[in-house]
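Okay, so here's the structure we're looking at.
Protein chains: 2
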Amino acid sequence: MNILLAEDDLNLGELLSNFLKSKGYQVDLTRNGKLAFERFNQKKFDFCIFDVMMPEMDGFTLAKEIRELDKKVPILFLTAKAMKEDKLEGFALGADDYLTKPFSMEELLARITAISRRADIGEASEEEKYQVGTIAYEPTYRILHLAEGKKKLTTKENQLLHLLVKNKNEILDRQATLRAIWGDDNYFNGRSMDVYIAKIRKLLREDPNIEIMNVHGKGFKLVIKE
Amino acid sequence: MNILLAEDDLNLGELLSNFLKSKGYQVDLTRNGKLAFERFNQKKFDFCIFDVMMPEMDGFTLAKEIRELDKKVPILFLTAKAMKEDKLEGFALGADDYLTKPFSMEELLARITAISRRADIGEASEEEKYQVGTIAYEPTYRILHLAEGKKKLTTKENQLLHLLVKNKNEILDRQATLRAIWGDDNYFNGRSMDVYIAKIRKLLREDPNIEIMNVHGKGFKLVIKE
DNA sequence: CAAACGCGTTAAAAAAGGTTAAGCTCTATT
DNA sequence: AATAGAGCTTAACCTTTTTTAACGCGTTTG
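If you read the sequences in order, they're chains U and F.
Heads up, the first sequence is in numbering that gives the first Met the number 0, so the first residue is 0 and it goes up one at a time.
Heads up, the second sequence is in numbering that gives the first Met the number 0, so the first residue is 0 and it goes up one at a time.
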């Protein structure tokens, strides 16, 4: 299981990282929210642990960005002792739990176990495979199973389609997507994204029930009729 | 839009109720959780605002009961300042937001606007299907089945028509609608809405029994004769 | 009843999106 | 090192969607 850990205190960070690794998890440690966000978009994570107070981008903002793209990945916050209002903000973002420093390693492990068990029900994680209308899609291998045969997607095609599919029937926010895939939501990246939407639409044309609809000024939404 | 308000402090209750009414919402004010729950079962509400501390039945218990019946209706809690663990409990129940007393009316309005927008346009994802006079309407796919064939609606057309249809035979309040769709009820958005009312009227002209009537100074009402 | 306001409607301006193709930047290959 | 190819970005052009403006008419209110 892959864990994304964002902690600016390098001592604590290494400590946690080593502990979790010793328990059989794979851990990516990042120094701040910004780096964590980039990492999150490059790799698939099953669990996130964020310190709330970090330079560049704090844990809550980070969680907000991530929630735009992934509604499900469990997020656990590490907060300095007994903050008041701050905690709530975390929960409103769909946090699954929080720990107040100082905490014991065992406590952390217990939470991770409990939450990931809950999150895992019905999900075989690792090998992802989707059925989009009549078309099978394997983001892990970037393969689209069309009627005429397998089609290998490019990096960007795959990233975008993956997000669309993960957020089926929901609006995929334009800005958040741009930041996730292109790292920046300026005008030109926006146009680039439009170009990729066009490419993907062409690829999925095979099944007339699939539609990527535009929500003016907001983003795109993948819907599949009946 | 119908709001269910539960607040035992009658002064505050009346104040809130009047303020919200002045902003175009219909408000049912109840004195405690028990009465609120009864009211909830008699009428359809689009939004709930509950004080946490109330006699008979507190806000959290109330929310728990309501969530048993309705998983989606937005709930906002009003809490006395800075409770600690208690607050968290609210979020676990699927609260959408909370406000800590004292708060400003504007702040409340902003939250309501934001949440109901999110709930409204974000995910209308269940297969809805309406019959408006002789015209079938599928808001999920933004399709209007006219005599001449299918007509695809634009984002705004769809949002507005959806609200009209959901509130058939009831007045769709102008200001509340503007905040729900446009996020702000300023003069220009108002004119924009009028333009869309005109568009929709044109689309629905096919069936002479359909009428979108104006209620001067209040809003619009979709009625279907006999 | 007149001034102010709200609404109906149409047209024009502005913004956002759809699509195609040319250009650029890598990387792999000769 | 030059060439070719793949992938991505930028540019260009066009369409659709939304907003803003303008004008006229009905309604309300003092």
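In this text, a Cβ means the ideal position worked out from N, Cα and C, and glycines have one as well.
Using a Cβ-Cβ cutoff of less than 7 Å, which residues in the same chain neighbour residue i once the five nearest sequence positions on both sides are dropped?
i        : result
U/Arg38  : Leu3, Asp27 and Thr29
U/Phe18  : Met104
F/Leu145 : Ile134 and Glu205
U/Arg141 : Lys151, Leu152 and Asn157
F/Ile196 : Ile211 and Phe219
F/Gln174 : Lys22, Gly23 and Asp184
U/Ala123 : Note that U/Ala123 scores 44 on pLDDT, short of 50, meaning its location in the model is unreliable; the coordinates nonetheless yield the value given after this. For U/Ala123, where only same-chain residues beyond five positions count, there are no Cβ hits under 7 Å.
Is residue i close to chain U, meaning its C-beta is less than 8 Å from at least one C-beta of that chain?
i        : result
F/Lys42  : no
F/Tyr195 : no
F/Lys155 : yes
F/Leu107 : no
F/Tyr140 : yes
Once you ignore the five residues that flank residue i on each side, which residues in its own chain have a CB closer than 6 Å to its CB?
i        : result
F/Lys224 : Asn208
U/Lys33  : Glu55 and Met56
U/Leu203 : Ile209
U/Gly121 : Caution is warranted here: a pLDDT of 40 is assigned to U/Gly121, below 50, making its placement in the model unreliable, and the coordinate value is therefore given only provisionally. Correct list: empty, nothing qualifies.
U/Lys149 : Ile142
For residue i versus residue j, is the C-beta spacing smaller than 8 Å?
i        : j        : result
F/Thr139 : F/Glu156 : no
F/Val222 : F/Asn168 : yes
F/Lys43  : F/Asn1   : yes
U/Leu15  : U/Phe36  : no
U/Asp226 : U/Arg190 : The structure shown does not extend to residue 226 of chain U, since chain U is modelled only from 0 through 225, so no value can be given for it.
U/Thr176 : U/Leu160 : no
F/Asp96  : F/Met53  : no
U/Asn10  : U/Ile180 : no
U/Glu67  : U/Asp193 : no
F/Ile112 : U/Val214 : One point to set straight first is that residue 112 of chain F is Thr, not Ile, in the sequence displayed. Taking 8 Å as the Cβ cut-off, F/Thr112 and U/Val214 do not qualify as a contacting pair.
Can a CB atom of chain F be found closer than 8 Å to the CB of residue i?
i        : result
U/Val51  : no
U/His215 : yes
U/Lys224 : yes
Can you tell me which of the three DSSP states residue i falls into?
i        : result
F/Tyr195 : helix
U/Leu152 : coil
F/Met212 : strand
F/Thr139 : coil
U/Ile120 : In this prediction, U/Ile120 scores a pLDDT of 46, lower than 50, which makes its location untrustworthy; the coordinate-derived value is nonetheless stated afterwards. Correct three-state label for U/Ile120: coil.
U/Tyr243 : For residue 243 of chain U there is no data in the structure shown, the boundaries of chain U being 0 and 225.
F/Asn10  : helix
F/Phe44  : coil
F/Tyr24  : coil
F/Val51  : coil
F/Lys165 : helix
F/Gly227 : With chain F represented from 0 up to 225, any question about residue 227 of chain F goes unanswered, as that position is not in the structure.
Between residue i and the rest of its own chain, which residues show a CB-CB distance below 8 Å, the 5 nearest in sequence each way excluded?
i        : result
F/Arg200 : Ile211
F/Tyr136 : Lys128, Tyr129, Gln130, Ile142, Leu143, His144, Leu160 and Val164
U/Phe102 : Leu77
U/Asn31  : Ala5, Asp7, Met53, Pro54, Glu55 and Met56
Between residue i and residue j, which are expected to be in contact by the criterion C-beta below 8 Å, what is the C-beta distance as a whole number of angstroms?
i        : j        : result
U/Met58  : U/Phe46  : The sequence shown places Gly at residue 58 of chain U, not Met. Actually they do not touch by this definition, with Cβ atoms about 14 Å apart.
F/Lys22  : F/Leu75  : In fact, because the Cβ distance is near 15 Å, the residues do not count as touching under 8 Å.
F/Arg116 : F/Gly182 : 6 Å
U/Tyr129 : U/Val164 : 5 Å
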